[in-house]
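The structure under discussion appears below in the form of structure tokens.
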Amino acid sequence: MDRRNFLKNSALAASAASLGISGAAHATTMAPARPMVKKSLKWGMVKGDMSIMDKFKMLKELGYDGVELDSPHDLDHKDILAARDKTGLELPGVVNSVHWKSPLSSADPKVRATCVESMKTALNDCKMYGGTTVLLVPAVVNAETSYKDAYERSQAEIRKLLPTAEKTGIKIALENVWNNFLLSPMEAARYVDEIDHPLVGWYFDVGNIVRYGWPEHWIEVLDKRIMKLDIKEYSRKKQSDEGIWKGFQVEIMEGDCNWPEVNKALAKIGYSGWASAEVGGGDRERLAEVSKRMDRVFAA
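Counting from 1 along the sequence shown, just add 618 to a position and that's the residue number in the working numbering.
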């Protein structure tokens, strides 16, 4: 319809004007040589009794291009913006901080409303920071919440966020997590397509898939719906020997993610953009090690 085409064209134009955003690659027919071109990490990984400014300076010195904050949060916006402007460290997006405690799939309308309001705050925060996406876990299926209810409720609540997304120009990027929901790439793609809006897509977590699939297969199906990437590892051997959660206790490049195949699949769909580490953090030495390992992923 005309409204959708207008929004789609506007979103593509904005993406093409922003370096490192995957939409820019989608606007061209040339596949990028290196799909992952900008390196980020999650704010919660940065440990130590340091000011926001000092943390930003350290991350920039370690080779990071950006950092993703949680939102809503209790940090001082002025301090964040001052650190961004002083260091040149970008804030490519934010991660909703409420979606697990108050999921959009809850049977309680008040709980769902809490998440919706938190998303509105996050979308506005992201615009203020100069980012492009808010990461959202769309739903949680459990003994109390059926798959069908989670599917229908979460889509309905996400649609309520579309006016705020349009007003801010910020994308809602849904992440695949261990939430017993959207367990195949075909279904994940359908879920996004049914919402049918250019500002709703996918924040693809590579390591989260390895337990029950192959990331490169998901990338092939999700295609241009992928807006950003989370980077972590997973070991099927540790899963088998020690338990499913132990599978994550392996360093980047030492698990079962086939990074050359992941990069090949990303290049094929025309992705060129951010990749954000979501692993155990720590002090300067630890974050330097993560940065080096991410460089190896980028070059694989």
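Ideal placement from N, C-alpha and C gives every residue a C-beta, glycine not left out.
Because the structure is a prediction, the values reported are computed rather than measured.
Give the secondary structure of Asp767 by DSSP, where H, G and I count as helix, E and B as strand, and everything else as coil. Of the three classes helix, strand and coil, the one that applies to Asp767 here is helix, per DSSP.
To the nearest angstrom, how far is it from the Cα of Asp703 to the Cα of Pro710? The straight-line gap from Cα to Cα measures roughly 14 Å.
Could you give the first and the last residue of the continuous alpha helix (DSSP H) run that contains Lys910? Segment Arg902 to Ala917, the alpha helix (DSSP H) holding Lys910.
If you draw a straight line from the alpha carbon of Lys675 to that of Thr705, how long is it in whole angstroms? It is roughly 6 Å from the alpha-carbon of Lys675 to the alpha-carbon of Thr705.
Would you mind working out which of Leu659, Val716 and Arg652 sits nearest Gly900, comparing C-alpha positions? If we check each option's Cα against that of Gly900, Leu659 comes out closest.
Pick out whichever of Leu687, Val828 and Val664 has its Cα sitting closest to the Cα of Leu680. Comparing Cα-Cα distances from Leu680 to each of Leu687, Val828 and Val664, the minimum goes to Val664.
If you draw a straight line from the alpha carbon of Gly641 to that of Met654, how long is it in whole angstroms? Low per-residue confidence applies at Gly641: pLDDT is 43, beneath 50, and the placement is therefore not dependable, though the value from the model is reported in the following sentence. Taking the straight line joining both Cα atoms gives about 13 Å.
Can you give, in chain order, each stretch of the alpha helix (DSSP H) that sits fully within the stretch 720 to 748 and has at least 4 residues? The stretch 720 to 748 contains these whole alpha helix (DSSP H) runs: 727 to 747.
Give every residue of the same chain whose Cβ lies closer than 8 Å to the Cβ of Glu616, excluding the five residues on either side of it in the sequence, and list them in chain order. This structure leaves residue 616 out entirely; the chain is present only between 619 and 918.
What span of residues does the beta strand (DSSP E) with Gly891 cover, start to end? Gly891 to Ala895 is the extent of the beta strand (DSSP E) around Gly891.
Local conformation of Glu686 per DSSP, three classes: In the structure shown, Glu686 sits in a strand (DSSP, three-state: E or B).
Restricting to Cα atoms, I'd like to know which of Lys842, Thr739 and Trp661 is closest to Ile698. The shortest Cα separation from Ile698 among Lys842, Thr739 and Trp661 belongs to Trp661.
Compare the C-alpha of Lys766 against each of Ile790, Thr739, Tyr809 and Leu677 and name the closest. Ranking the options by Cα distance to Lys766, first place goes to Tyr809.
Kindly indicate which three-state DSSP category Val712 falls into: helix, strand or coil? Strand.
According to DSSP, simplified to helix, strand and coil, what is Thr751? In the structure shown, Thr751 sits in a strand (DSSP, three-state: E or B).
Any idea if Gly865 is buried or exposed, counting beta-carbon neighbours within 10 angstroms, 16 or more meaning buried? The Cβ neighbour count for Gly865, taken over all protein chains shown within 10 Å, is at least 16; the residue is labelled buried.
First through last residue of the alpha helix (DSSP H) which encompasses Val810: Unbroken alpha helix (DSSP H) run through Val810: Pro803 to Ile813.
Looking at Asp848: is its Cβ nearer than 8 Å to the Cβ of Ser894? In this structure, Asp848 sits near Ser894, with a CB-CB distance shorter than 8 Å.
Is the Cβ-Cβ distance between Leu792 and Tyr821 less than 8 Å? Judged by beta-carbon spacing, Tyr821 lies within the 8 Å limit of Leu792, meaning their Cβ atoms are closer than that value.
Distance, Glu805 Cα to Thr647 Cα: Confidence is the limiting factor: at Thr647 the pLDDT is only 46, short of 50, which leaves the residue's position unreliable and the question unanswerable from this model.
What three-state label does DSSP hand Ala791 in the structure shown? Residue state, collapsed to three classes: strand.
Measure the C-alpha to C-alpha separation of Lys696 and Ile862 and round it to an integer number of angstroms. Distance between Lys696 and Ile862, taken at the CA atoms: about 41 Å.
Check for me: the beta strand (DSSP E) holding Lys856 runs from which residue to which? No beta strand (DSSP E) holds Lys856; the alpha helix (DSSP H) holding it covers Arg854 to Glu860.
Pick out whichever of Val828, Ala774 and Lys745 has its Cα sitting closest to the Cα of Tyr852. For Tyr852, the closest alpha carbon among the candidates Val828, Ala774 and Lys745 is that of Val828.
Can you tell me whether His644 is buried or exposed, with buried defined as 16 or more other CB within 10 angstroms of its CB? Per-residue confidence for His644 stands at a pLDDT of 43, beneath the threshold of 50, marking its modelled position as unreliable; the derived number appears in the next sentence. Buried: at least 16 other Cβ atoms inside 10 Å.
Could you compute how far the alpha carbon of Val734 sits from the alpha carbon of Val818? Distance between Val734 and Val818, taken at the CA atoms: about 15 Å.
Under 8 Å between C-beta atoms of Lys846 and Trp892: Yes, these two residues count as a Cβ contact at 8 Å.
At what residues does the beta strand (DSSP E) containing Ile844 begin and finish? Taken as a continuous stretch (DSSP letters only), the beta strand (DSSP E) holding Ile844 covers Ile844 to Ile849.
When you compare the CB positions of Ser723 and Ser772, do they come within less than 8 Å of one another, or not? Yes.
Other residues of its chain near Arg902: CB distance less than 8 Å, five sequence neighbours each side excluded: If you ignore the 5 residues before and after Arg902, its C-beta comes within less than 8 Å of the C-beta of Gly666, Met676 and Leu680, all in its own chain and listed in chain order.
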